Each structure stands twice: as C-alpha cells, then as structure tokens.
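J.: FYI, the working numbering numbers position 73 of the sequence shown as 73, with every residue one higher than the one before it.
Even for Gly, the Cβ is constructed at its ideal location relative to N, Cα and C.
Everything numeric in this text was worked out from a predicted model, so none of it was measured.
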Amino acid sequence: MKPRTTLLAMFVLLGVTILNACGSPAVEAPAAMYAEELLPEQSADMAPAMPAEGEAAAKSAIQDGSVYETGSTENIAVTTHLIIKSADMRLLVEDSDQAMDRLTQIVSDSGGYIISSRVWNQAHLDGKNYKYATLTMGVPVESFERTLNRLRGISLEVLDETASGEDVTDQYVDLQSQLINLEATRDRIQSFLEDAQTVDEALRINQQLSEIERQIEETKGRINYLQDRSSYSTITVTIEPELPEIEPTPTPEPKGWQPGETVGNAWETLTKAYQGIIDLLIWFLLVLVPIFAPPALIIWLIIKWVTRKTGKPS
Numbered sequence: 001m002k003p004r005t006t007l008l009a010m011f012v013l014l015g016v017t018i019l020n021a022c023g024s025p026a027v028e029a030p031a032a033m034y035a036e037e038l039l040p041e042q043s044a045d046m047a048p049a050m051p052a053e054g055e056a057a058a059k060s061a062i063q064d065g066s067v068y069e070t071g072s073t074e075n076i077a078v079t080t081h082l083i084i085k086s087a088d089m090r091l092l093v094e095d096s097d098q099a100m101d102r103l104t105q106i107v108s109d110s111g112g113y114i115i116s117s118r119v120w121n122q123a124h125l126d127g128k129n130y131k132y133a134t135l136t137m138g139v140p141v142e143s144f145e146r147t148l149n150r151l152r153g154i155s156l157e158v159l160d161e162t163a164s165g166e167d168v169t170d171q172y173v174d175l176q177s178q179l180i181n182l183e184a185t186r187d188r189i190q191s192f193l194e195d196a197q198t199v200d201e202a203l204r205i206n207q208q209l210s211e212i213e214r215q216i217e218e219t220k221g222r223i224n225y226l227q228d229r230s231s232y233s234t235i236t237v238t239i240e241p242e243l244p245e246i247e248p249t250p251t252p253e254p255k256g257w258q259p260g261e262t263v264g265n266a267w268e269t270l271t272k273a274y275q276g277i278i279d280l281l282i283w284f285l286l287v288l289v290p291i292f293a294p295p296a297l298i299i300w301l302i303i304k305w306v307t308r309k310t311g312k313p314s
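#1: Given S72, which residues of its chain have a CB within under 7 Å of its CB, disregarding the five upstream and five downstream residues?
#2: Can you tell me whether A35 is buried or exposed, with buried defined as 16 or more other CB within 10 angstroms of its CB?
#3: In the structure shown, what three-state DSSP assignment does M46 receive?
#4: What are the start and end residues of each continuous alpha helix (DSSP H) run of 4 or more residues lying completely inside the region 171-252, in chain order?
#5: Let me confirm a value: I239 is counted as buried when at least 16 other C-beta atoms fall within 10 Å, else exposed. Which label applies?
#6: I think E183 touches I154, with their Cβ atoms under 8 Å apart; what is that distance to the nearest whole Å?
#7: To the nearest angstrom, how far is the alpha carbon of S231 from that of A202?
#8: Taking only runs that begin and end inside the region 94-142, name each unbroken alpha helix (DSSP H) of 4 or more residues, in chain order.
#9: Going by DSSP, which residues form a beta bridge with G256?
#10: Check whether the Cβ atoms of T234 and S86 lie closer than 8 Å to each other.
#11: Of all the options E245, M100, T236 and K128, which has the alpha carbon lying nearest to the alpha carbon of E161?
#12: May I ask you to check if the CB of N149 is nearer than 7 Å to at least one heavy atom of the ligand SAH?
#13: Where does I303 sit, in a helix, a strand or coil, going by DSSP?
#14: What does A163 pair with, by DSSP beta-bridge criteria?
#15: In chain order, what residues of the same chain have a beta carbon less than 6 Å from the beta carbon of S110, not counting five sequence neighbours either side?
#16: For E157 and L92, which I take to be in contact (beta-carbon distance under 8 Å), what is that distance rounded to the nearest angstrom?
#17: L82 and V168 - do their beta-carbons sit closer together than 8 Å?
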C-alpha cells in the first residue's frame, strides 16, 4: 500500500511541474495546492475501494493536468470582433436649449440613453449669460456612426471631434477560456468534497471551492463588462453657443499742444472760481446773517447795558 501511495504522490508532483512549465493560469494554483496535499492522504483510505482501471485513469488525469484544464482542443468561437468605441465632440450651436432638445431626441431615436449631463451659464463680454452643456450618452454600437452624423447636423460648426476604438476580442477569448478552466476546476473540487473522509478535509476543500467560485464570479463580471462596453458606445458632446462679436474700442490718438484750448480751460476755471465766491457771499448774506445777526445784536445790547450800569458812580 505504501509504494502505491508514494507512486501516486510522484504523479501529482509531476503533474504540477508540467502545469507550471506550461504556464497555466494563476487562478488554477489553489486547486493544484489542494491536489498535492489531499491525494497522498486520501490514497491510503480510498485505494482498496478503487478498481485498478479507475486508479489508472485517476493517475492519468492528474498526470496530464485534466483537473485544471478541460482538455478540449477547440478554439472558442467569436462571431465578430468586440470593439469598444468612444467619441468626443464640441459643437457650436445657435441656441443651446434647442440643441439639447434635438440631442436628446437623437439619443432616444438611436435606442441609447443619457449617462450624465452638466449645464452651466457663462458671462460674455457683452454682459449677458450664455448657456453651455456637456452630455455623455451611450448608444448601440451599430448606431455609432449614424449618431455622429446626426449630431454634426444640429451644429453650426464642429469645433472638435475625436473618435477611438479598442479591440478587446483577445481579452474576451482569454476570459472565456479562464472561465471554462475555472468551472472545470470547481467541478473537480466538488467531487473531492463528496469523497472527503474527515471534517478537516471537508473544510479545506470547501475553502478552496469558495476561492474558485469567487474567481468564477470575477471572471464572469469582467466578461459581462466587455460585452456591455462593446455593445454600447460612449459619446460625449459639449455644446457651446454662438457668441455675438464685440467691436473693439478704438484707441484714442494723442493730441498735440493747443495753447488756445489751455487758455480757454484756464478762463473757464477762473470763471467757476468767481462764481463759487459770489455764491458763497450770497449764502452768507441771505442765510447766515439772518440767522446769527439777531442773537448777536441782543448779546451786544446786554453787554452794553451791563457795562454802562456798572460804570456809574455809587
């Protein structure tokens, strides 16, 4: 029994070495570690019940790495290239509100949706506020070019336009291959879980199974992301209103020496000075004298009377 266990362990180590040399995906490492730890322990208990042919098949499966790979030589068929398309546009429009309404209608007609939008007002040199807007939309990839043409039609001028595409077909195929291998590994680990003899073995197997299932969900999420991004293209449109032209203020030309104008300005200043003095005298005579003259006269008479009375001999 012991030589059989030793031989089985050698096959496991050989299979792991072959997998590492072939560059197997990193996600398969937990299953490989589990096979290396579990099979030497299980072989002693399971060997009596395993037929000779079944044992040979298990050794062959471990040796050629079928625990981690499906063994299928067929390539994953992809009917078309997966390309993530995106575009950015700056449009000069006559009326921002009308342009936004037409843009929304174009998105609806193409079967797309608005991802985000931003609207703001900006003051111009003429003192008025003009409306600007930025909208990001998602449209079906088959309507990408047609939508761009319709967007160009709502503008007076296309100020800027950039379009790009990213081919993610290779990533998609790699993820599909990883998913197939992960699901095969999961099924294999589940079969080990059914054959677990102790609670400790079941816990260790279940831990490896949980890790594989987590990687399967992550891979499915990335596959769905690539499918969604390649199915809908992203277009970002910035709307700028047409602004009125502002005529530049003419630069005043410097004047030469004009003595006549200087004399006129001096005479005008002198006239204004005399006018100010005369206005002050008028205010003094008509306002200040009537106000302060009576009280001053009364005070003077009182002082005069008191002085005269104190000056008489007793």
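T.: In this structure, then:
#1: Annotation note: pLDDT 45 at S72 (below 50); position unreliable, no value reported.
#2: The predicted position of A35 is uncertain, since its pLDDT is 39 and thus under 50; a value taken from the coordinates is nonetheless stated next. By the neighbour-count rule (16 or more Cβ atoms within 10 Å), A35 is buried.
#3: Because the pLDDT of M46 is 39, which lies under 50, any placement of that residue in the model is unreliable, and the question is left without a value.
#4: 199-231
#5: buried
#6: The Cβ separation is near 49 Å, so there is no contact.
#7: 43 Å
#8: 96-109
#9: Its beta-bridge partners do not exist; DSSP assigns none.
#10: yes
#11: T236
#12: Annotation note on the ligand SAH: not contained in the displayed structure, which lists no ligands.
#13: helix
#14: A87
#15: V139, S143 and T147
#16: 4 Å
#17: yes
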